[in-house]
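Asker: Got a structure here, written out as structure tokens. Questions coming.
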Amino acid sequence: MAATPQAQTNTPGGPALGASAAPATPVAAAATPARYVVSQAQSLQRLGDQVFQRVEKINSEVLALIYGSMVVQILKDVDGNVDEANTQLEKMGFNIGIRLVEEFLAKSGLGAKCNVGKDHFFADTAEIIAKVAFKMFLGVTCSVNYIQSAAPAPLGKGAASGMDASGKAGIGADATATGAAAIREYALIMDENPLADFVEVPEQYAGKLSYSNILCGVIRGALEMLQLKVECRFVRDVLQGHDTNEIRVVLKEILSDSGPAGGGD
Amino acid sequence: VSCATRMASVVACVAVVGKNNNPLFIRAFREQEDKLKFHYIVHTSLDVVEEKISQSQHVAPSPNSKVTEMYLGLLFPTEDHKVYGYTTCTKNKFILVLEENELKDAHMRQFFTRFHSLFADAVSSPFYSYDRRITSRRFDAEVDKLCASFTKNGMP
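Each protein sequence line maps, in turn, to chains F and D.
Going by the numbering used here, the first sequence opens with residue 1, and the numbers climb by one from there.
Going by the numbering used here, the second sequence opens with residue 266, and the numbers climb by one from there.
Here it is in structure tokens:
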């Protein structure tokens, strides 16, 4: 992800960002995936804070109340069928995501930096979503866990998902040049969920309702517009009694230029 | 009350009553007393609440009346307890049954203000149907904590 001169002038917070975008060439970046990812995360965090300051904001209570009444209404509409409600929320999110991604890329200035089609692009999206997108639209940041899988790349880690409890890049010390490219799955850990303020899920839906499922849809829609077909779901949810919120994003397919199914399902 | 060195809570019972005088929440803290007795106390106190509300409406509003209109003060004393009331502008009423005698007005107001804030949080859940019984477990826990901290010397 080399910083081009155009990219620097497009982002008013340019000097700070440009100075720390360390890797000079894509080849050098791929050769040291662990360091690359960490420095990228820091500069993205700064970008996220800058963009957050510039965008208009609304009261988070208002957002929580609006979203809450929408979830309750959907549950009524589907006669309490929780799985259907989860699907509806995800679909709504998808329709939001395909539009939101344009706004995001324009406002954040990352449009010029998105190496759509590059092997490691999926791994890049993790920190971008966690540090910039979440900050810009929800005012909170997430931390990222990369899930190592038994990937085609010669990583030598036989077992599947090795989750790094410390939260940052779980890429092992012996990662090779294709480390970042082999990432097929990552987790976004969200400690604060502004959509879920004041919410207590009643017994009949407890454990089944994925209350903030709209977020999963938004991520899926946004990534599909960037040629990445993913599956996105909550694996841990504070409203279901877990200690934190975790969204798992799994890459299913890199779409060719024939384009995604536009307009939503 | 008790000879324990730790300050005991003076709250015997706290209740929330809706605008149609329907009980939304009743929590009694004295195991040895009959819970029904507290239901009865709360119910009879509602008459006094209505009286006080209509009284304050007849009096010309003074610059300070906005604050005092919510806090109704001592509703009536029984042989063991004193009952205090507080009404919100949405006609929800909070009833507090205490065991202690010498309590400052300021403590009562402080309790009710905090209780009002907990009530607002509980009611803000989208799954709460308005004017129905409050079933929020978080509300239960927070109310327990709040009442436990309300001792002879007020609250921290």
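Note that the Cβ used here is the ideal one computed from N, Cα and C, for glycine as well.
1. When the cut-off is 7 angstroms and only beta carbons count, does serine 382 of chain D lie next to chain F?
2. Can you check whether the C-beta of valine 82 of chain F is within less than 7 angstroms of a C-beta belonging to chain D?
3. Look up glutamine 227 of chain F in the DSSP assignment and say whether it is helix, strand or coil.
4. Considering just the uninterrupted stretch of the alpha helix (DSSP H) at glycine 93 of chain F, what are its terminal residues?
5. Determine the DSSP secondary structure at arginine 233 of chain F, reduced to helix, strand or coil.
6. Along chain D, which residues have their Cβ under 8 angstroms away from the Cβ of proline 202 of chain F?
7. Which one or two residues does DSSP pair with asparagine 145 of chain F in a beta bridge?
8. Whole angstroms is fine: what's the gap from valine 250 of chain F's alpha carbon to phenylalanine 404 of chain D's?
9. How many whole angstroms separate the CB atoms of cysteine 142 of chain F and methionine 190 of chain F, which I take to be in contact at a CB cut-off of 8 angstroms?
10. Out of curiosity, what's the CA-to-CA distance linking glutamate 367 of chain D and lysine 347 of chain D?
11. Determine, using beta carbons only, whether serine 390 of chain D and valine 199 of chain F come nearer to each other than 7 angstroms.
12. So does the segment 378–386 of chain D actually touch the segment 407–416 of chain D, counting three or more Cβ pairs closer than 8 angstroms?
13. By how many angstroms is the C-alpha of glutamate 90 of chain F removed from the C-alpha of asparagine 213 of chain F?
14. By the DSSP assignment, the beta strand (DSSP E) with alanine 280 of chain D in it spans what residues?
15. Tell whether a beta-carbon distance below 7 angstroms holds between alanine 277 of chain D and arginine 295 of chain D.
16. Which residues in chain D sit within 9 angstroms of leucine 65 of chain F, going by Cβ to Cβ distance?
17. Taking DSSP as the reference, what is the three-state secondary structure of glycine 172 of chain F?
18. Which residues in chain D have a C-beta closer than 7 angstroms to the C-beta of phenylalanine 198 of chain F? List them in chain order.
19. Within 8 angstroms, do at least three Cβ pairs link the segment 116–124 of chain F to the segment 223–231 of chain F?
20. Excluding five sequence neighbours on each side, which residues of the same chain lie with their C-beta closer than 6 angstroms to the C-beta of valine 282 of chain D?
21. Which two residues bound the contiguous alpha helix (DSSP H) that contains isoleucine 66 of chain F?
Answerer: Let's see:
1. no
2. no
3. coil
4. 82–108
5. strand
6. Phe392, Thr400
7. F:Ala187
8. 37 angstroms
9. 5 angstroms
10. 10 angstroms
11. yes
12. yes
13. 5 angstroms
14. 276–282
15. yes
16. Ser389, Pro391
17. Summary for glycine 172 of chain F: the model assigns pLDDT 41, below 50, so the residue's position carries little reliability, and this model does not support an answer.
18. Asp386, Ser389, Ser390
19. yes
20. Pro288, Lys358
21. 60–77
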